[in-house]
Amino acid sequence: MSINSDNRRSVYSTETFLWGVATSGYQSEGGYNGSGQPKNNWFESERQGKVMRTGAAAQFWTRYEEDFQTCQNLGLNSFRFGLEWTRIQPSAHTKSAVAPAFDFDVLDAYSDRLAACRRYGLEPIVTLHHFTHPAWLGLDAWLSADTIDGFIEYVRVTVTHINCRLTDYYRLPPLHWYITINEPNILVSNTYLSGQFPAGVRGIDAVLRVYNHLLTAHVRAYNCIHDIYAARGWSTPRVSLNTYCSDLYWSEKVIWDLLHLKQQDVKLTQLQDYSYSKAKQLEAALKNANLPFRRDLPYQLGRLVHRTSNWFGRRAFDIRRFSSFLKELDTCDRPPRDYIAIDYYDPFIAHTFRLPSFSDFEFQSKTWRGWLMSGITSKWWDWRSLPEGLYFFCKFYSQEFPNCPILIAENGMALRRKPDNSIATNRSDQLRRSKFLEAHLQQVKRLLDEGISLVGYMHWSLTDNYEWGSYTPRFGLFTIDFAKSTERLVEDHLGDRPSETYARLVQIGK
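Per my numbering: the sequence shown = residues 155 to 664.
Below, the structure written as structure tokens:
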């Protein structure tokens with residue numbers, strides 16, 4: 155399944171297909187938001203009991219070497235590794251007018267972990283921002299343009315220091331792969347629309363303002379990293395952001411089209427019509443793909459939501475609200491991305507609903523309406539598996555952006571198991587993770603057989619971890635019994651051994 159004929163090639167080569175796992179710092183490291191620990195924008199939600207505390211998480215901060223060795227034993231050659239701004243520039247305060255000093259001991263510690271990653275034959279894909287920011291920036295940091303400057307300074311200091319330590323101290327090549335901002339479309343929607351992430355305000359005005367700032371920050375970070383590498387004579391890095399796959403144009407594809415505006419030579423006055431034509435193009439492609447949906451009652455209801463969301467997205471989109479992004483984009487002589495990175499779970503808005511169930515609420519609903527909506531909306535373990543959709547989106551993007559490499563930056567499925575083991579159930583579709591892996595990697599093989607420029611596949615995740623307020627959704631190749639310890643267990647509560655399945659499939663793929 156490799157994209158080149160020589161699988162013995164060094165993992166530092168850009169031509170090696172990347173088989174790996176994806177993680178994030180806050181979700182797996184442990185050591186946030188407790189007494190004397192770095193505090194991020196989830197601190198108040200944890201303190202007030204609105205969500206579960208992260209606590210020790212999966213203890214990746216101390217168990218990283220064991221995890222890297224495990225990945226090597228599985229036959230993997232890549233690891234998506236998250237850096238946490240909160241740990242690198244910490245403060246004991248939850249609001250500060252002055253940016254705290256950088257903790258260079260932490261930067262050295264991250265460098266040591268990345269060197270260990272390389273030592274086990276794993277090429278790091280480094281994420282610089284994964285939904286969280288330091289609490290001292292305030293809850294709604296990305297509503298302020300000042301956060302962009304703070305983020306770029308964090309990127310500049312972090313990228314420079316870590317790579318100098320890798321090259322000068324460890325005699326290793328500088329990092330090659332970067333993701334600047336993880337899933338900006340989910341960060342925006344979960345914070346300022348659905349309310350799943352902490353925020354002080356909600357609404358479309360906030361959505362558009364934050365999108366403008368996030369995309370501006372990405373472009374500046376992209377240029378900053380490339381400038382650092384050019385000034386030091388390092389080999390050219392590959393930098394991008396990643397998006398959560400969605401069949402709603404205004405939720406995802408519009409981001410990639412905005413990043414390519416300059417190359418498409420679209421005038422500002424034409425942009426609304428251009429975006430609408432691109433939305434219709436995606437709708438037509440999805441219809442022609444004839445994907446094997448299970449067209450039950452929840453699906454039919456979800457289709458109404460999709461049509462309504464499409465109508466609303468078109469009317470809410472206002473390019474005039476993206477002024478700083480467009481100004482920054484105008485400085486670029488190429489699209490500010492070196493590859494396309496997508497996260498594929500269940501991207502279909504028609505799967506928003508499920509048949510009513512009121513027994514699996516993760517958090518108590520405070521209103522009758524909230525209770526009802528929780529009962530009929532899909533949870534992590536309700537996300538439907540449609541591997542053919544992974545093939546569709548990768549191929550669609552390869553046609554939209556020819557000669558641009560594509561990375562599957564995340565792909566996974568959830569089981570339900572409470573951290574105290576009081577509830578541990580099967581999925582309603584009875585799907586096991588091993589079967590999920592087999593079906594999705596078959597689509598990866600199909601893409602590579604057709605010559606699609608796919609450069610890697612990252613499975614989310616290596617272990618069970620903290621899933622944005624809860625430990626109940628289980629995404630790990632290795633499960634964890636949080637009631638006892640953070641030991642990585644090969645067999646999950648259903649008797650499945652997905653890590654062994656993944657290792658077997660990767661070996662076949664090589």
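C-beta: ideal position from N, C-alpha, C; glycine also.
- Here the region 563-575 lies against the region 496-504, with 3 or more beta-carbon pairs under 8 Å apart.
- Within the region 370-442, the runs of alpha helix (DSSP H) at least 4 residues long that lie entirely inside it are, in chain order, 407-413, 415-418.
- For Arg571, the enclosing beta strand (DSSP E) starts and ends at 569-571.
- When secondary structure is reduced to three states using DSSP, Pro288 falls in the strand class.
- Counting only runs of 3+ residues, the beta strand (DSSP E) found wholly inside the region 285-349 occupies 331-336, in chain order.
- Under the three-state reduction of DSSP, Val609 is assigned to strand.
- Ser615: not part of any beta strand (DSSP E); DSSP gives it neither H nor E.
- Taking the CA atoms as reference points, Ala253 sits about 46 Å from Leu458.
- When only Cα atoms are considered, Thr531 and His505 end up about 9 Å apart.
- According to DSSP, Val644 shares a beta bridge with no other residue.
- The region 271-287 makes contact with the region 328-335, as at least three CB pairs between them are under 8 Å.
- In terms of Cβ geometry, Pro541 and His613 do not form a close pair [threshold 7 Å].
- Rounded to the nearest whole angstrom, the C-alpha separation of Ile634 and Glu641 is 6 Å.
- As summarised for the region 237-287, the continuous beta strand (DSSP E) elements at least 3 residues long and confined to that stretch are 277-281, given in chain order.
- Assignment of Asp221 by DSSP, reduced to helix, strand and coil, places it in the helix class.
- Annotated as distal: Val393 and Ile382, with beta-carbon spacing of 7 Å or more.
- In the DSSP assignment, Glu564 is bridged to Asp497.
- For Gly229, no beta strand (DSSP E) segment is defined, and its DSSP state is neither H nor E.
- A contact is defined here as three or more CB-CB pairs under 8 Å, and the region 260-270 fails this definition with respect to the region 288-297.
- According to DSSP, Pro627 shares a beta bridge with Arg570.
- Excluding residues up to 5 positions away in sequence, nothing lies with its Cβ nearer than 6 Å to the Cβ of Gly387 in the same chain.
- Relative to His287, the option among Cys318, Ile316, Leu237, Thr321 whose CA is nearest is Leu237.
- Taking each of Ile333, Ala568, Tyr611, Tyr625 in turn and checking the Cα distance to Arg491, the smallest one comes out for Ile333.
- In this structure, Tyr656 lies away from Leu569, with their beta-carbon atoms at least 7 Å apart.
- Taking a C-beta distance under 7 Å as the contact criterion, Phe479 and Leu369 qualify as a contact pair.
- CA-CA distance, Gln597 to Asp650, rounds to 22 Å.
- Across the structure, Glu220 and Ala433 are spaced so that their CA atoms are roughly 45 Å apart.
- In the assembly as shown, Trp410 is a buried residue. Its beta-carbon has 16 or more other beta-carbons within 10 Å.
- Residue burial is scored here from C-beta neighbours: Thr390 has fewer than 16 other C-beta atoms within 10 angstroms and is therefore classed as exposed.
- DSSP links Leu172 through a beta bridge to Gly610.
- Distance from the CA of Pro244 to the CA of Leu445, rounded to the nearest whole angstrom, comes to 47 Å.
- Leu293 and Asn195 do touch by the CB rule: their CB atoms are close to 6 Å apart, below 8 Å.
- Under the DSSP definition of a beta bridge, Thr208 lacks any partner.
- Each of Pro652, Asn464, Glu437, Ser582 was checked against the Cα of Phe546, and the nearest Cα belongs to Glu437.
- Counted as a single uninterrupted DSSP element, the alpha helix (DSSP H) harbouring Tyr453 occupies residues 451-470.
- Note that the region 222-233 touches the region 172-181; at least 3 beta-carbon pairs, one per stretch, sit closer than 8 Å.
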